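A.B. asks: Numbering (the working numbering), first residue to last: 965 to 1578.
Virtual Cβ for every residue (Gly too), placed ideally from N, Cα, C.
All figures in this text were calculated on a predicted structure; none of them were measured in a lab.
(1) Check whether the stretch 1379-1389 and the stretch 1237-1245 touch, using three or more Cβ-Cβ pairs below 8 Å as the test.
(2) Using the beta-carbon count (16 or more within 10 Å), is residue 1338 buried or exposed?
(3) I think residue 1304 touches residue 1348, with their Cβ atoms under 8 Å apart; what is that distance to the nearest whole Å?
(4) Using the rule of at least 16 other Cβ atoms within 10 Å of the residue's Cβ for burial, across every protein chain shown, is residue 1334 buried or exposed?
(5) May I ask which residues mark the beginning and end of the beta strand (DSSP E) holding residue 1426?
(6) Among the candidates 1539, 1218, 1467, 1251, whose CA atom is the shortest distance from the CA of residue 1324?
(7) Out of 1462, 1465, 1468, 1495, point me to the one whose CA is closest to residue 1478's CA.
(8) Can you pull the DSSP bridge partners for residue 1401?
(9) Start and end of the alpha helix (DSSP H) containing residue 1199?
(10) Can you tell me whether residue 1277 is buried or exposed, with buried defined as 16 or more other CB within 10 angstroms of its CB?
(11) With a Cβ-Cβ cutoff of 7 Å, do residue 1561 and residue 1247 count as a contact?
(12) From residue 972 to residue 1059, what does the alpha carbon distance come to, in whole angstroms?
(13) Between which two residues does the beta strand (DSSP E) carrying residue 1353 extend?
(14) Count the CB pairs spanning the stretch 1453-1465 and the stretch 1515-1528 that are closer than 8 Å, and state whether there are at least three.
(15) Run the CB neighbour count on residue 1260, radius 10 Å, all protein chains shown included, and call it buried at 16 or more, exposed below.
(16) Buried or exposed: residue 1460, going by 16 or more other Cβ atoms within 10 Å of its Cβ?
(17) Please classify residue 1449: does DSSP put it in a helix, a strand, or coil?
(18) Given a cut-off of 7 Å on the beta-carbon distance, is the pair residue 1394 and residue 1409 in contact?
(19) Would you tell me roughly how many angstroms separate the C-alpha atoms of residue 1263 and residue 1554, rounded to the nearest one?
(20) Return the first residue and the last residue of the beta strand (DSSP E) that residue 1536 is part of.
(21) Would you please state the rounded distance, in angstroms, between the beta carbons of residue 1067 and residue 989? I believe it to be under 8 Å.
(22) Indicate the three-state DSSP secondary structure (helix, strand or coil) for residue 1032 in the structure shown.
(23) Check the C-beta distance from residue 1443 over to residue 1390 and give it rounded, since I have them as a contact under 8 Å.
(24) Which residue comes first and which comes last in the beta strand (DSSP E) that contains residue 1550?
(25) Who are the near neighbours of residue 1197 in its chain, counting only those whose CB is closer than 8 Å to its CB and skipping five residues on each side?
(26) Assuming residue 1254 contacts residue 1568 under a Cβ cut-off of 8 Å, what Cβ separation, rounded to an integer in Å, is found between them?
(27) Just verifying my parser: in three-state terms, what is the DSSP assignment at residue 1223?
(28) Is DSSP giving residue 1054 helix, strand or coil here?
(29) Relative to the alpha-carbon of residue 1446, which residue among 1503, 1411, 1210, 1018 has its alpha-carbon at the smallest distance?
(30) Once DSSP output is grouped into helix, strand and coil, what is the label at residue 1358?
(31) What is the rounded straight-line gap between the Cα of residue 1191 and the Cα of residue 1281?
(32) Are residue 1295 and residue 1527 close, meaning C-beta to C-beta below 7 Å?
(33) Residues in its own chain within less than 7 Å of residue 1343 by CB, not counting five upstream and five downstream?
(34) Give me the Cα-Cα distance between residue 1205 and residue 1503, rounded to the nearest whole angstrom.
(35) Is residue 1064 near residue 984, with beta carbons less than 7 Å apart?
(36) So residue 1380 is in the beta strand (DSSP E); what residue range does that whole segment cover?
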């Protein structure tokens, strides 16, 4: 159909009016979103604050803790939904304005310079200077008001962040660390074949002796022999969060699949914590280490693996730079959310205050320092990991991110890399790509890889957003990263990394993905467990559960162990078809992943530490 010039002008005119009307509607919605965010701010909920205040007077009230957890989850979901609406509205507004401008320009450029009088009489609103002025004034005002509202809405979270004024500046150095020499840690990851276990990558580490400045509380200078654990010893124990490489793979094979916490079946011992926390235990030989903390103090506990006897307690006190006033943390994070790390010679713990403590295996303090109070509105929860003689710390806060390497022997800073990242609650993972060792970190907005020898960023992929809690996984030459309200992506590492596939069908809020045997498993906070093909992202199977998952899945002896928030452990085969093995119950709520020792499993409940065995 051949359109006449006037027909084209009329179509463009109608498009201009429709686009302008659409833009006005979006402007109004953005303004309404701003008004709602100021009148009902989910992050600043008075109800949540009141519940937290009640918890301070009744810290053992599990019903109250669960109520706070559920309310906090709803508040965060409401906040990110509002932010999504804001971003989407901004894009739609920009699109509407562009279409309006292009349509008007087309009309003006094709309109006859001398219009007929009767046409002007028929459409006086198009030629009325006064009308055009009013349209420009009203439209411009709406656009400016919507833009200002959008910016103010987007920054509403800043009001909830930890304030520097809450800490005396002469007592705390916020997010700083003393510098010595700049180096970076070579990284190692695991993946070895043992029946249907993952492919093996060898981690080589040779002990060495260095003379370094031992920065303890007395700042004494000594010659120190650096201890380096072998890969064999690391895998024979459970030294870090999610296993020997932080990747969710346990190398123990003789582990139980049946227990009943309420009845005491296969419960070797149960120990009540002096102080609560959400860190997972770590194990070295016959010792179990775990942290607990509250407003009154921060502590490290050591239990006998065989008997459950509390062997010693170490206090994280009298640390230079430690704040006199505790930072604000939420009930579902607390002051002891980060899992410890050990190399078999020393144990290391970090708390939400930024206090870092190094102890020998008998609880004697080796060194301690404060890294600066982390500006974190929930509380710091990134766990520690060790490579060779270096303690690696992911320190992402509202002020930006850092990756820090400290000497395990002295606490001296060996290198620090400033990261182009926002705050996160995830933990670092060591992987061997076959070509080199890489340290993988997840945050908003990136999945980042670092060369542990030089500190140089190897590659970075922008694919995440929001409050990133899940850590990465690695298998079959791919890095897997996911977060709620963002995406689930499989990334091929290298000098030019690429996203091989991604999906947003099932996304985790807290639990990290697990990749093994050609399958990658996702567990969500709303109770869905799904398995995908590592190669192409094909959904293999999904299972629905009544309780959600915060604890990360762990692979051991051919099975996946996944504990829901009610304390039920769903044990199933890591295969392309779902095959349930067992569903034993702890009898206590938990958000912590299972930890494995020879013939035993350790699980941290809200109040007790359980040792399970045959």
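C.D. replies: On the basis of the supplied data:
(1) no
(2) buried
(3) 6 Å
(4) buried
(5) 1421-1426
(6) 1251
(7) 1495
(8) 1396
(9) 1195-1200
(10) exposed
(11) yes
(12) 21 Å
(13) That residue, residue 1353, is in no beta strand (DSSP E); it is neither H nor E in DSSP.
(14) no
(15) exposed
(16) exposed
(17) coil
(18) no
(19) 20 Å
(20) 1533-1537
(21) The pair is not a contact, with the Cβ atoms about 17 Å apart (cut-off 8 Å).
(22) helix
(23) So it is not a contact: roughly 13 Å between Cβ atoms.
(24) Note, residue 1550: premise wrong, no beta strand (DSSP E); not H, not E.
(25) 1308
(26) 7 Å
(27) coil
(28) helix
(29) 1411
(30) strand
(31) 26 Å
(32) no
(33) 1293, 1294, 1297, 1298, 1299, 1301, 1316
(34) 27 Å
(35) yes
(36) 1377-1383
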